[in-house]
Every structure is written in structure tokens, then in C-alpha cells.
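Q:
There are 2 protein chains.
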Amino acid sequence: MAQTPAWPPASLTRLFVDQPLSQGMALTIDGGQAHYLGAVMRLKAGDQIALFDDRTGEWRAGIEQVGKRAVAVRIVERMREREAVPDLWLLAAPIKKGRIDWMAEKACELGVARLQPVITQRTIVDRLNLDRLRAHMIEAAEQCERTALPMLDEPVKLAQLLKAWPEDRALIFADEEGGVPMAAAAKPGPAAILIGPEGGFTDGERAAIKALPQATGVSLGPRILRADTAMAAAVSLWMGLAGDWR
Amino acid sequence: MAQTPAWPPASLTRLFVDQPLSQGMALTIDGGQAHYLGAVMRLKAGDQIALFDDRTGEWRAGIEQVGKRAVAVRIVERMREREAVPDLWLLAAPIKKGRIDWMAEKACELGVARLQPVITQRTIVDRLNLDRLRAHMIEAAEQCERTALPMLDEPVKLAQLLKAWPEDRALIFADEEGGVPMAAAAKPGPAAILIGPEGGFTDGERAAIKALPQATGVSLGPRILRADTAMAAAVSLWMGLAGDWR
Numbered sequence: 001m002a003q004t005p006a007w008p009p010a011s012l013t014r015l016f017v018d019q020p021l022s023q024g025m026a027l028t029i030d031g032g033q034a035h036y037l038g039a040v041m042r043l044k045a046g047d048q049i050a051l052f053d054d055r056t057g058e059w060r061a062g063i064e065q066v067g068k069r070a071v072a073v074r075i076v077e078r079m080r081e082r083e084a085v086p087d088l089w090l091l092a093a094p095i096k097k098g099r100i101d102w103m104a105e106k107a108c109e110l111g112v113a114r115l116q117p118v119i120t121q122r123t124i125v126d127r128l129n130l131d132r133l134r135a136h137m138i139e140a141a142e143q144c145e146r147t148a149l150p151m152l153d154e155p156v157k158l159a160q161l162l163k164a165w166p167e168d169r170a171l172i173f174a175d176e177e178g179g180v181p182m183a184a185a186a187k188p189g190p191a192a193i194l195i196g197p198e199g200g201f202t203d204g205e206r207a208a209i210k211a212l213p214q215a216t217g218v219s220l221g222p223r224i225l226r227a228d229t230a231m232a233a234a235v236s237l238w239m240g241l242a243g244d245w246r
Numbered sequence: 247m248a249q250t251p252a253w254p255p256a257s258l259t260r261l262f263v264d265q266p267l268s269q270g271m272a273l274t275i276d277g278g279q280a281h282y283l284g285a286v287m288r289l290k291a292g293d294q295i296a297l298f299d300d301r302t303g304e305w306r307a308g309i310e311q312v313g314k315r316a317v318a319v320r321i322v323e324r325m326r327e328r329e330a331v332p333d334l335w336l337l338a339a340p341i342k343k344g345r346i347d348w349m350a351e352k353a354c355e356l357g358v359a360r361l362q363p364v365i366t367q368r369t370i371v372d373r374l375n376l377d378r379l380r381a382h383m384i385e386a387a388e389q390c391e392r393t394a395l396p397m398l399d400e401p402v403k404l405a406q407l408l409k410a411w412p413e414d415r416a417l418i419f420a421d422e423e424g425g426v427p428m429a430a431a432a433k434p435g436p437a438a439i440l441i442g443p444e445g446g447f448t449d450g451e452r453a454a455i456k457a458l459p460q461a462t463g464v465s466l467g468p469r470i471l472r473a474d475t476a477m478a479a480a481v482s483l484w485m486g487l488a489g490d491w492r
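In order, the protein sequences belong to chains A and B.
Under my numbering, the first sequence is numbered contiguously, ending at residue 246.
Under my numbering, the second sequence is numbered contiguously, ending at residue 492.
1) So does the region 402-411 of chain B actually touch the region 351-365 of chain B, counting three or more Cβ pairs closer than 8 Å?
2) Counting Cβ pairs, one atom from each stretch, are 3 or more of them under 8 Å apart for the region 203-211 of chain A and the region 422-432 of chain B?
3) List, in chain order, every chain B residue whose beta-carbon is nearer than 7 Å to that of A/Ser236.
4) Could you check where the beta strand (DSSP E) with B/Thr274 kicks off and where it finishes?
5) Check whether chain B comes within 8 Å of A/Met249, counting only Cβ atoms and requiring the distance to be less than that.
6) B/Gly463 CB to nearest chain A CB: under 8 Å?
7) What residues of chain A sit near B/Lys433, judged by a beta carbon separation below 7 Å?
8) DSSP three-state label for B/Thr462, please.
9) Return helix, strand or coil for A/Val125, following the three-state DSSP convention.
10) Short of 7 Å in beta carbon distance, which residues of its chain neighbour B/Glu451, apart from the five on each side in sequence? Order them along the chain.
11) Hey, is B/Trp335's beta-carbon within less than 8 Å of any beta-carbon in chain A?
12) Which residue spans inside the region 357-428 of chain B form an unbroken alpha helix (DSSP H) run of at least 4?
13) Quick one: which chain A residues come within Cβ less than 9 Å of B/Arg391?
14) Which of helix, strand or coil does DSSP assign to A/Met79?
15) So, does the CB of B/Arg492 fall closer than 8 Å to a CB anywhere in chain A?
16) Leaving out five residues on either side along the sequence, give the residues of the same chain with a beta carbon under 6 Å from the beta carbon of A/Arg78.
17) At the 8 Å Cβ level, is B/Ala252 part of the contact set with chain A, yes or no?
18) Can you find the residues in the same chain that come closer than 8 Å, C-beta to C-beta, to B/Met271, ignoring five residues on each side of it along the sequence?
19) Is it buried or exposed, A/Pro9, if we count other Cβ atoms within 10 angstroms and call 16 or more buried?
20) Of the residues B/Thr274, B/Ala473 and B/Val426, which one's Cα is nearest the Cα of B/Asp347?
21) Cβ closer than 8 Å: which chain A residues qualify as neighbours of B/Lys409?
22) Report the three-state DSSP secondary structure of B/Gln294 (helix, strand or coil).
23) Locate the alpha helix (DSSP H) running through A/Ala227, then write down its first and last residues.
24) Cβ closer than 9 Å: which chain B residues qualify as neighbours of A/Gly240?
25) For A/Gly196, which of A/Ile138, A/Phe173 and A/Leu237 has the nearest alpha-carbon?
26) How far does the alpha helix (DSSP H) with B/Arg306 in it reach, from first residue to last?
27) Touch check for the region 212-222 of chain A and the region 337-344 of chain B: three-plus C-beta pairs under 8 Å?
28) Quick check: what's the CA-CA separation for B/Gly313 versus B/Asp293?
29) For B/Glu355, return the contacting residues in chain A, with the cut-off set at a CB-CB distance below 7 Å.
30) Could you tell me the alpha carbon to alpha carbon distance between A/Gly31 and A/Glu105, rounded to whole angstroms?
31) Evaluate A/Ala107 with the Cβ neighbour count: other Cβ atoms within 10 Å of its Cβ, from every protein chain shown; 16 or more gives buried, anything less gives exposed.
32) Which of the three DSSP states is assigned to B/Leu261 in this structure?
33) Tell me, to the nearest whole angstrom, how far the beta carbon of A/Leu128 is from that of A/Pro94; I am working on the premise that it is less than 8 Å.
34) List, in order along the chain, the chain A residues whose C-beta lies closer than 7 Å to that of B/Lys456?
35) Rounded to whole angstroms, what's the CA-CA distance from A/Ser22 to A/Asp54? Just pull it up for me.
36) Do A/Gly62 and A/Met239 have their CB atoms nearer than 8 Å?
As C-alpha cells, then:
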């Protein structure tokens with residue numbers, strides 16, 4: 001909800017609001033966001049902020065009144081249309097709390113379109129708080145100036161996911177047993193990166209993944225990467241080779 | 247000090263010890279490492295572990311006795327020589343605690359040879375606990391199977407660093423104002439990646455960096471990355487293009 005205040009402030013304070021925005025619209029910002037605007041950023045009536053809704057884009061808004069629990073704002077004008085990110089999904093086995101939160105944050109910043117938690121045989125985290133993950137992604141979107149939030153789906157089992165794998169979507173999986181460099185796997189077009197749990201995939205899972213014609217195993221170098229490191233590395237490489245960092 | 251127990255155990259438990267190891271040598275492991283071997287990993291006399299010393303490589307050692315506060319081991323044989331990583335330095339402005347710890351961990355896992363903290367004009371963290379950073383790097387080295395620890399230096403001011411910049415070392419800096427893709431900047435050979443603080447470089451700093459003939463500004467895509475995200479992205483791209491992930 002609250003990005004770290006930049007010093008010096010390089011741009012307007014940005015907030016996500018979960019309702020469709022339009023020109024001239026008046027709205028009330030409450031809860032933690034109101035506290036953030038008033039007490040943390042010390043904004044006053046007359047100041048401007050940026051709002052995005054994941055639907056219509058990003059809007060400039062003027063603050064009309066700052067209260068302790070509510071801030072009244074009015075939309076001035078649209079600054080940007082909603083911008084899509086490259087069509088890259090991240091499929092990741094849930095890992096322990098701090099690291100999965102970090103993964104959600106980084107997935108958003110790096111430009112992933114969708115985060116799909118995947119249950120594998122060695123996944124040892126059985127409960128996943130999607131609301132908390134979503135909050136981390138919203139904060140990251142506010143920070144990194146995305147106007148579109150990543151989609152976040154309910155966890156599914158790996159076998160189920162593979163069974164219904166879309167014909168036109170490349171499945172790039174980080175294979176601890178070795179694979180091709182990302183440069184040989186990343187091509188523009190619909191793709192997904194699959195990161196296993198800390199214990200890795202089972203032999204059966206690896207065989208099932210490899211049986212998909214859309215699948216390619218990639219190597220992320222000679223060191224053993226933690227799941228969160230592998231995720232950041234693989235997404236960064238893909239973005240540089242096939243995404244919008246080129 | 248303690249990597250997460252892998253399930254199933256894929257390899258020997260690995261520990262860093264800060265003394266030169268040799269064939270047949272007897273040594274005592276104490277403190278948190280002894281607790282880890284006995285209470286966490288539940289190893290017993292007769293079990294084997296891997297030790298590395300950042301000097302002579304990685305050794306197989308046999309446990310001879312497990313006590314509450316000390317574990318007696320004897321070196322059996324060398325398994326690997328000390329392996330160097332690519333000659334990549336990471337120069338990073340200190341950021342707040344959790345994020346700089348994470349940066350040290352990821353720098354080690356991703357294969358950085360040296361971490362040099364850099365003080366810039368907008369660096370707002372004035373104290374840096376190098377012992378804590380080093381502990382995070384050791385834990386990461388244990389986890390990722392490095393046999394050589396990254397060097398970790400005392401913080402230096404950016405201006406001082408630029409003044410004495412080695413003639414043969416490329417300086418790749420993440421430029422929020424845009425630059426070339428990493429593919430145009432990363433070439434095999436000595437290199438450094440420079441990541442600014444959350445507030446970015448000042449105009450004067452940017453000009454001083456750009457004045458170096460060894461310097462190239464790179465873009466990490468259209469979204470605004472936090473410093474820790476930029477670091478993981480830039481190092482991953484460099485490793486894929488010019489490091490040992492090819």
C-alpha cells in the first residue's frame with residue numbers, strides 16, 4: 001500500500017484503488033492509504049497524487065480534504081492508458097512466508113502478467129494467503145509504476161496444470177539437473193516460467209513436464225539457486241531476451 | 247550458517263569454516279554450527295559432511311563425536327578445488343536492513359566475486375553491519391555450493407571509487423534515465439555492476455559516472471525497479487550474457 005518515499009520525490013505519490021476511475025469523479029480514500037497520504041507523505045489539500053485502478057489506466061487526482069481517517073480526492077485527468085506487460089506467467093511452488101512475499105513483489109516489479117501458485121509433490125507449504133500476496137503485488141505496482149496488476153490465481157496441482165497446458169504457450173522450467181541457456185528458450189510470444197519448490201521436482205514430475213512439447217528446461221548456471229533467486233534470475237533473463245527490456 | 251534442510255537431502259550438509267583445511271586434519275565445530283549439525287540436521291558420529299574454507303576448496307569430513315556445544319570431525323578427502331566465479335563486482339549503495347541483507351545473499355548465490363558498498367549523495371543508510379552481511383553471504387555460499395566466498399569491502403564514497411577506477415574493468419550502471427540493453431554492455435572480462443540508492447543518482451553523480459570511458463548505462467526495462475530488484479536483474483542478465491551461465 002505504501003511505497004518508500006522517494007528522495008527527492010521524483011513523481012506523484014501513486015496509489016491503487018479498486019474501483020473504476022473516470023474524469024471528474026470524486027472519491028474517498030480511507031484506511032491505511034489515508035494514513036499514508038496524510039501522516040506519512042504529509043500531503044495537503046491542493047496537492048496532487050496519481051491513482052490507478054487496473055482497469056482504465058492512471059489518473060491525476062487533486063486532494064480536496066485530508067482527514068485522519070479519510071482523504072477526499074477528485075480525478076483531474078487521465079495520464080496513461082492501462083498498459084499491458086509482456087505475456088509471461090510465473091508458476092511457482094509456494095515457499096515459506098518471507099520468500100514467497102518477496103517473490104510476489106519481484107514478479108510484479110519485473111513485469112510478470114500472472115502469478116500462478118503450483119502445488120508440487122515436494123511443496124511443503126500447504127496454506128497460502130492470497131490476500132497477503134496480492135497486497136505485496138499492489139505495493140510493488142504502486143512503486144514500479146505499473147498500471148496493470150499481475151493476475152493472481154488460486155493454487156493448482158502441477159499435474160492438473162500440465163494436463164490443460166495451452167498449446168501456444170512456451171513452458172520454461174528451471175531444471176536443477178541442467179538445461180539449455182535461457183537464450184535458447186526465450187522467444188517472444190506467450191510463455192510461462194515454472195520454478196519448483198526448495199526440494200526440487202521429483203523425477204516423475206520432471207518427466208511429465210519434459211513430455212510436453214511446449215516445455216524447455218533451462219539452466220541458471222553452476223550454482224544452486226534458492227527458489228526466489230531462480231525466479232528473479234529467470235524472469236529477468238526472459239524479459240531481457242524476449243520481453244519489454246529489449 | 248544454516249541452510250534450509252533440503253528434502254530429500256540431495257547432498258552433504260555443507261559448512262564454511264574459517265581456517266585452512268587439509269587431508270586427515272581433526273577439527274572441532276562449535277557454536278551455532280554445532281547446534282545446526284546436531285540438533286537441526288540430527289547428524290551422528292559416522293555421518294559425513296562437506297566443509298569449505300574459501301582457501302583450499304571443499305572437503306569431505308567424517309563426524310567423530312556430537313556434543314551439545316561441539317562436534318568433532320576429521321577431514322577425509324578433498325572433493326573440489328576452490329572454484330572462482332566470474333570476475334564481476336557488485337557496487338551497491340546501502341539500503342535498509344532487510345533489503346541489503348537480501349542483496350548480499352543474492353549476490354553470493356548469483357555468483358558475484360566481490361561486494362563493494364558505495365556511499366552516494368542520496369544514500370540514507372549511514373551504518374552498515376559488515377559482519378551481518380558477511381554472515382548472510384556465508385549462509386548463501388553454503389546453500390548454493392560455492393567454494394569461494396565473495397569479497398566484502400568497507401564502504402567507499404562513489405567519487406573516490408570513480409577516481410581510482412581500474413582501466414580494464416567495465417562499469418555497468420543501472421541508469422533510471424535509460425540506457426542500452428544489457429546485451430549491448432555485457433562482455434566477458436572484468437566488470438562491475440553499479441546500483442544506486444532508492445533515490446537514484448544525482449545529476450552530478452550521473453555525469454561523473456558517464457565521464458568514465460569504461461562506463462555504460464543500461465536500462466532494465468520500462469518499470470521502476472527497487473534497488474534490490476535492479477541488482478538481481480542486472481547480475482542475472484550479466485551472468486547469462488557474459489558470465490558462467492552461458
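A virtual CB, placed ideally from N, CA and C, is assigned to each residue, including glycine.
A: Quick look at the numbers:
1) yes
2) no
3) Ordered by position in chain B, the residues that pass the 7 Å Cβ test against A/Ser236 are Ala478, Ala479, Ser482 and Leu483.
4) Ala272 to Asp276
5) Residue numbering for chain A in the displayed model covers 1 to 246; residue 249 of chain A lies beyond these limits and cannot be assessed.
6) Output row for B/Gly463: interface = no.
7) Those do not exist, as B/Lys433 stays about 15 Å from chain A at its closest Cβ, beyond 7 Å.
8) strand
9) coil
10) Thr366, Gln367 and Leu404
11) no
12) Look at the region 357-428 of chain B and you find these whole runs of alpha helix (DSSP H), each 4 residues long or longer: 376-390 and 404-409.
13) The amino acid at residue 391 of chain B is misidentified as Arg; the sequence shows Glu. Simply Pro222, Arg223 and Ile224.
14) strand
15) yes
16) Gly57 and Trp59
17) Because B/Ala252 carries a pLDDT of 40, less than 50, the predicted location of this residue cannot be relied on, and the following value inherits that uncertainty. Yes, because at least one Cβ of chain A sits closer than 8 Å to the Cβ of B/Ala252.
18) Arg320 and Ile321
19) Because the pLDDT of A/Pro9 is 45, which lies under 50, any placement of that residue in the model is unreliable, and the question is left without a value.
20) Taking only the C-alpha atoms, the option nearest B/Asp347 is B/Ala473.
21) Per Cβ cutoff of 8 Å: no residues; B/Lys409 is ~26 Å from chain A at best.
22) strand
23) Ala227 to Leu241
24) Pro427, Met428, Ala429, Leu466, Gly467, Ala479, Ser482, Leu483, Gly486 and Leu487
25) A/Phe173
26) No alpha helix (DSSP H) holds B/Arg306; the beta strand (DSSP E) holding it covers Glu304 to Val312.
27) They do not touch, by the three-pair rule.
28) 14 Å
29) Arg223, Leu225, Arg226 and Thr229
30) 22 Å
31) buried
32) strand
33) Correct: roughly 5 Å between the Cβ atoms.
34) The premise fails here: B/Lys456 is roughly 19 Å from chain A at the closest Cβ pair, so nothing lies under 7 Å.
35) 13 Å
36) no
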